[in-house]
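Residue numbers (our numbering): -3 to 349. From the three backbone atoms N, C-alpha and C, an ideal C-beta is built for every residue, glycine too.
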Ligand code: COI
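The following block contains the structure:
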């Protein structure tokens, strides 16, 4: 398919790279493509960033049939731009599509379309430390219809946002609140795919955590409220007695690409890395016995986010004296050095644009 290109005649003004926050500013162009049953995915185009006109009955607004991805483009010291494991994001997008009854995309085609878009908005990839261009591919259900069923028509779009750090704390440890009153997802539900509903489900508990002075929520399993699943919108890791532990993928946990990268690095470094069930009781006991060394989250937006405090009922645990642990630091530095081209990519994760 040929991609039609229409360039903006009104380029936006841009703030200084060092003033960037997360997800508030968008580049000059976007990629769009439509789906209908008779034409399949069609009309791929790069055009000026614009609103999407919608009928108030558009299905995505009512029933949340939407999937998305998040990845980043980084500027290296030599001025080139590169992506981190982008094909894994498009593979996961198609996996999410299957679960949400959305027609799948041609992964190679959308990846090459992203590269075209990045070439056009290349100057928007920031170069200040800890900045990047966040990429948000999204698919939404477009039928104007109020009956509950899968939509027949869809819009796929990619928007780009120059960003700074995700949490205001940056790489400093965050405070986490354990909830037993709310669950994010259950096995057999949507938790293992990247869809709007999971983030809607996280808001109420997230607001309660904020009101109590905590940055995010630690999610327990939806059945027994005993086993740890995720933290905020990230995967979670523990270091207990020199074992790196992350909850195994059980049907309600998102298979994070940063999660997978952390596990791959740990194996390369001969660290004992386990994907297994881990209960909140095991963590509390490890804290009491002194074997709980580190807790950190992993995700595209923040990469690695150390946890300095965990509040569970009446217990308030200080983790590593509230300081960044050595493994969290090593993963953060190794991953970001690869992403920004400061270190050789021996894992085959980098794609040049
Ligand atoms: C991540 O990249 O860690 C996330 O899932 C956050 C994103 C939804 C902003």
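Rounded to whole angstroms, what's the CA-CA distance from residue i to residue j? Just pull it up for me.
i, j, result
"residue 10", "residue 127", "14 Å"
"residue 121", "residue 66", "15 Å"
"residue 215", "residue 230", "10 Å"
"residue 172", "residue 125", "26 Å"
"residue 340", "residue 262", "17 Å"
"residue 246", "residue 193", "18 Å"
"residue 279", "residue 288", "7 Å"
"residue 92", "residue 59", "16 Å"
"residue 253", "residue 321", "22 Å"
"residue 189", "residue 83", "16 Å"
"residue 258", "residue 267", "11 Å"
"residue 224", "residue 19", "28 Å"
"residue 265", "residue 244", "20 Å"
"residue 40", "residue 283", "53 Å"
"residue 305", "residue 0", "51 Å"
"residue 273", "residue 255", "15 Å"
"residue 168", "residue 318", "9 Å"
"residue 176", "residue 228", "14 Å"
"residue 160", "residue 236", "32 Å"
"residue 348", "residue 260", "21 Å"
"residue 277", "residue 313", "13 Å"
"residue 77", "residue 64", "22 Å"
"residue 209", "residue 308", "14 Å"
"residue 48", "residue 302", "38 Å"
"residue 234", "residue 226", "11 Å"
"residue 46", "residue 134", "15 Å"
"residue 281", "residue 217", "19 Å"
"residue 73", "residue 213", "36 Å"
"residue 119", "residue 166", "25 Å"
"residue 238", "residue 316", "13 Å"
"residue 157", "residue 179", "30 Å"
"residue 34", "residue 109", "22 Å"
"residue 207", "residue 325", "29 Å"
"residue 38", "residue 105", "12 Å"
Are residue i and residue j touching if we call contact CB-CB under 7 Å?
i, j, result
"residue 114", "residue 42", "no"
"residue 242", "residue 271", "yes"
"residue 32", "residue 71", "no"
"residue 17", "residue 44", "no"
"residue 191", "residue 138", "no"
"residue 240", "residue 269", "yes"
"residue 155", "residue 50", "no"
"residue 222", "residue 285", "no"
"residue 162", "residue 297", "yes"
"residue 299", "residue 331", "yes"
"residue 129", "residue 69", "yes"
"residue 23", "residue 117", "yes"
"residue 248", "residue 197", "no"
"residue 107", "residue 345", "no"
"residue 152", "residue 29", "yes"
"residue 62", "residue 136", "yes"
With which residues is residue i paired in a DSSP beta bridge?
i, result
"residue 230", "227"
"residue 26", "43"
"residue 212", "172"
"residue 288", "236"
"residue 37", "31"
"residue 311", "308"
"residue 347", "79"
"residue 269", "240"
"residue 0", "41"
"residue 54", "140"
"residue 338", "Note: residue 338 sits in no beta bridge, so no partner."
"residue 156", "131"
"residue 161", "None, per the DSSP bridge assignment."
"residue 62", "136"
"residue 300", "294"
"residue 14", "Looking at the DSSP assignment, residue 14 forms no beta bridge with any residue, so it has no partner."
"residue 191", "63"
"residue 151", "30 and 136"
"residue 69", "79 and 129"
"residue 275", "223"
- Pick out every residue whose C-beta is nearer than 7 Å to a heavy atom of ligand 1: which are they, in chain order? 19, 66, 162, 195, 229, 230, 295, 296, 297 and 298
- Using 8 Å as the threshold, is the region 284 to 298 in touch with the region 154 to 172, meaning 3 or more CB pairs across them? yes
- Taking 8 Å as the threshold, find out whether the region 198 to 207 comes into contact with the region 327 to 337 through three or more Cβ pairs. no
- Pairing CB atoms from the region 176 to 186 with CB atoms from the region 72 to 88, are three or more of them under 8 Å? no
- Message: Counting beta carbon pairs with one atom in the region 97 to 106 and one in the region 138 to 150, are three or more of them shorter than 8 Å?
- Response: yes
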